[in-house]
Every structure is written in C-alpha cells, then in structure tokens.
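Novice:
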Amino acid sequence: MSGKLFLIGIGADGCPSLTSRAINAVAESEVLAGTEEQLAFFPQFAGQKVKLSMPIDAWVIELMEQAEDRFVSVLASGDPMFFGIGQTLVRQVIPCDVEVIPNSSCVQLACARLYLPCNEVDIVSLHGQVNAAKVPGLVARMQHANLLAVLTDKTNTPVAIANYLVEFGELDWRVAVCEDLGSCDEKITEFSPKELAAGDAGQFSNRNILLLQRHGQPRWHGCKGHRPDDEYLKRMPKSGLITKAPVRAVAVANLCLQQDSVVWDIGAGSGSVGIEAAKIAYRAPVFAIECTPQCWPQIEANRVLQKVDNLRLVQAKAPEGLAALPAPDAVFCGGSRGQLDELLPLVWRRLRSGGRMVFSAVTLETVAELSQLAKKHQLSAQMLLIQTSQERAIGPYVSYQANNPIHLFIFEKPEF
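Numbering-wise, the UniProt record's numbering puts 21 at position 21 of the sequence shown, and it's gapless, one number per residue.
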C-alpha cells in the first residue's frame, strides 16, 4: 500500500475550524502529527501521535518515513503554506503523495475582524528573526504600503517593533495588535506607534500579529528615489563626500536594479548612492562599505532620515570587508583607496550572473587605470563622461558653475 501525507490547517479553536475534508483526512490516517496543543484536540484518535520536535528537519524526515506506506496527517496553524511548516514539508516530501487542506490564515482573520481588504495587505514576517533591525527593509517596505501585516515572535514583540518604528519616525500609522485570533480569548487593541512603544511587552499574548493602517501618503510614493544633495548629511558641509545628484541618478540607473537586488556601495562616503539604490531594491539588503570612521555617523543618520533600514553599514575597507557579504547583483564603486588592481577582478568574480557594476573616476590617472584593468582582465566596459553645471547667482544675474567631470565605467556580467 502506498502512503499519503495530509497537511491540514487548523484554527486556534481546534476541531470546529476544520472542514469536512480535513476531518475525513484525520479519520483515514494512521499517524497524526502536530504540536502538543494541536494533538490535544484529538483525544479520540486511535492511531500513533507524533509531537513536533526540533530540529524540524529531523522531524520531517521521520514523517516522510511514516508516510511511505501509511496515511499521515500533519496539523499546522491556519494556512500551512502561509509562512508555515508547509513550505518546509512540501519541499522535502515531494515526490510523495501530498494533499494540503488549508484553513484561514492569521492575516485573513485579522482583516475580517477589522473589515479590511486582505488583497491589499503587504506582509512582513519577523518570526524567527534576531530583531527587526536584521530584517532587510521593514521600514523600507512600509514606504510602499498603506496596509501592512507584521508577523511577530517572542523577540520581535509588538512593543519592540513599535519602538523600532518610532526610531525611524514612522508615526503616521494606526497599529492593531491582534491576539489569539480564532480562539475564545481573541482580542484586538488599536494604538498609535508611540502609545504602543510605551507599553509592556508582557501585556500581549505570544500569539499575535500586527495590522498597520497608514494615514496619509507613503513617503516614497511617486518619484522620491533621487533626492537633492542638501537632503544628505555630509562630512564637509560645503560640498561633502557625496556623489553629486546628476551623477548619482545616472549611476543608479545603470545598475538596473530590481526590488530584490543585493547591492554593494563601495567607498560609500555619505551613503547617498547606497540609499537611493536601497529605495529601489527595498526587498533586499544594500551594503554601504566605508573605512573612514568620520563618515560612519553620517551614513547611519542618512539611513534613518531616508527611511532605508535595508541599508547596512559595513565598517571596513574594500576588498577586505567584502568576503563576508552575500554575492551582489549590482555594485557601485565611488572610491577604491588605491586598491583598484585587486578590487576590480574580485568584484567581477563575486558579481552574480546578469549583474552590473559601475566604477566612477574623477582623475585621469584613475580613468587610465580602469581602462588598463578592463583590458587586462578582458572585460568590456561602457564608458560615460558626465559633465554638469549648476546655477549660480552673480549679483542680480544667474550663471552656471561647472562641476568636475566624472567618468563612469559600466560592466555587465553575461547570463550563464
């Protein structure tokens, strides 16, 4: 006899939440698996019960062995394929015979209780993360959303998340803490971010999610990716260590970024290129690599001001500081500290298939070195010379003042 695995979603109220198909699947099964709390809903089950244990991969292997010649039902909270055990199970048990019988997810229940359209919700899971600051782009994701669900855990509590939002000035939200959805202890309480941040983490059940509704327009709604130079804090007030706005716009455009592109900004200075890249690649980490300690406070401050928590400062000199970083989809290098000979081939090797890297050069010596290195390593580069001027007042008149010409070397790695 061939076995089968049923992956069954169950609500917090237990058996009353099950469909007739789910009830029949349990009745057909010889093995029932789930958490201790879930298994307690089935005292009448006559077969073998397997309690969830860690590590979960070993538990899944045990279930696979059981399902080779028997019917096995695995209980999972809500919709098993919604940030649940379902993805892990299905990935490992296929090509076994699997049937998923979903229940309502926590986000569906929260939206139903608050009369909100579930199809308009953006969802961020902090469950199992170290803390919100380690999750690429919680605040960045919020700039694109009017309705956001945040899945929490014992570390990323509603109070901890609210404090994180306050740190980034994300105050224009109404936050609903939805506890024990679907159970007789269900409770929903609404707060402002500041009200919630002042609360006690222990006042909420561990089973909760946050549903955030924005009042007003998203910060980046429209074309607010590229910002004027004076919106960035810089090391030197007059001009500063910053790639000027016209060059920045061309450089970032030539990186051809997607929402999930991993980006390196080498020699970040004020962090302006990395920040504007992070607004496009808001679902992935962007790394600002800078070795000058005097620049670090400006990068961190700009990160908060521009609401790009997916930008991460790497306090190191390239290429040494690159080894621990994930392979990039795009790289901008605005300063190499004399390490071009080592840096260019290393970055090219690490660059993902189809990725792009843009190197800028101010001096003719750097232009010559980049040209020679490209030939040495048999790399084809598109070269751009950017010359811009800005208006300047001369008494009652307006004239133009030229900026330094900037060379951009654009490299694209072929798709493999």
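Just so you know, even glycine gets a beta-carbon here, dropped at the ideal spot from N, CA and C.
1) Quick check on Asn375: does DSSP put it in helix, strand or coil?
2) Would you check if there are 3 or more beta carbon pairs closer than 8 Å linking the stretch 333-348 to the stretch 255-271?
3) Identify every run of the alpha helix (DSSP H) within the stretch 275-318, keeping only runs that are complete inside it and at least 4 residues long; order them along the chain.
4) Are Leu257 and Ala330 touching if we call contact CB-CB under 8 Å?
5) Count the C-beta pairs between the stretch 309-328 and the stretch 344-361 that are closer than 8 Å, then say yes if the count reaches three, no if not.
6) One question on the structure: do Phe409 and Phe359 come within less than 8 Å of each other, judged by their Cβ atoms?
7) For the candidate residues Leu116, Asn156, Phe82 and Phe71, whose alpha-carbon lies nearest to that of Glu99?
8) Rounded to whole angstroms, what's the CA-CA distance from Gly216 to Ala318? Just pull it up for me.
9) When the Cα of Cys184 is compared with those of Gly9, Pro16 and Asn403, which residue comes out closest?
10) State the Cα-Cα distance for the pair Leu212 and Lys279, rounded to the nearest angstrom.
11) Can the beta-carbon of residue 481 be found less than 8 Å from the beta-carbon of Ala25?
12) According to DSSP, is Asn103 part of a helix, a strand, or is it coil?
13) Could you tell me whether the stretch 3-12 touches the stretch 102-112, where touching means 3 or more Cβ pairs closer than 8 Å?
14) On the DSSP bridge assignment, give the partners of Cys178 in chain order.
15) Determine whether the beta carbon atoms of Ile289 and Leu322 lie at a separation below 8 Å.
16) List the residues that DSSP assigns as beta-bridge partners of Glu412.
17) For Leu346, which residues in the same chain have their Cβ closer than 8 Å to its Cβ, ignoring the five residues on either side in sequence?
18) Residue range of the alpha helix (DSSP H) that Tyr164 falls in?
19) Going by Cα to Cα distance, which pick from Pro193, Ser261, Val262 and Ala277 is closest to Thr243?
20) When we look at the beta-carbon of Ile161 and count the other beta-carbons within 10 Å, is it buried (16 or more) or exposed?
21) Count the other C-beta atoms from every protein chain shown that fall within 10 angstroms of the C-beta of Ala133, then say buried if there are 16 or more, exposed otherwise.
22) Looking only at DSSP bridge pairs, what is Val31 linked to?
23) Mind pulling the beta strand (DSSP E) runs of 3 or more residues that sit fully within the stretch 322-352?
24) Contact check, Leu151 vs Asp122 under 8 Å by CB: the rounded distance?
25) Going along the chain, which residues of its own chain have a beta-carbon closer than 8 Å to the beta-carbon of Asp172, five neighbours each way excluded?
26) Would you call Asp309 buried or exposed, if buried means 16 or more other Cβ atoms sit within 10 Å of its Cβ?
27) Can you look up residue 498 in the DSSP assignment and give me helix, strand or coil?
Specialist: On the basis of the supplied data:
1) The question names Asn, yet the displayed sequence has Lys at residue 375. The answer is helix: DSSP assigns Lys375 an H, G or I state.
2) yes
3) 296-305
4) yes
5) yes
6) yes
7) Phe71
8) In a straight line, the C-alpha of Gly216 is about 41 Å away from that of Ala318.
9) Across the set Gly9, Pro16 and Asn403, the C-alpha of Pro16 shows the shortest separation from the C-alpha of Cys184.
10) 21 Å
11) The structure shown does not extend to residue 481, since the chain is modelled only from 1 through 416, so no value can be given for it.
12) Three-state result, Asn103: coil.
13) yes
14) Ile188 and Ile209
15) Yes, the pair counts as a contact, with Cβ atoms nearer than the cut-off.
16) Arg356
17) Pro319 and Leu322
18) Pro158 to Glu167
19) Ala277
20) With 16 or more Cβ atoms within 10 Å of its Cβ, Ile161 is classed as buried.
21) With a pLDDT of 48 at Ala133, under the threshold of 50, the modelled position of this residue cannot be trusted; read the value that follows with caution. Burial check for Ala133: the Cβ neighbour count within 10 Å stays below 16, so the residue is exposed.
22) Gln48 and Val72
23) You should have 330-333.
24) 12 Å between Cβ atoms; not a contact.
25) Arg214, His215 and Gly216
26) buried
27) Within the shown structure, residues of the chain are numbered from 1 to 416, placing residue 498 beyond reach of any answer.
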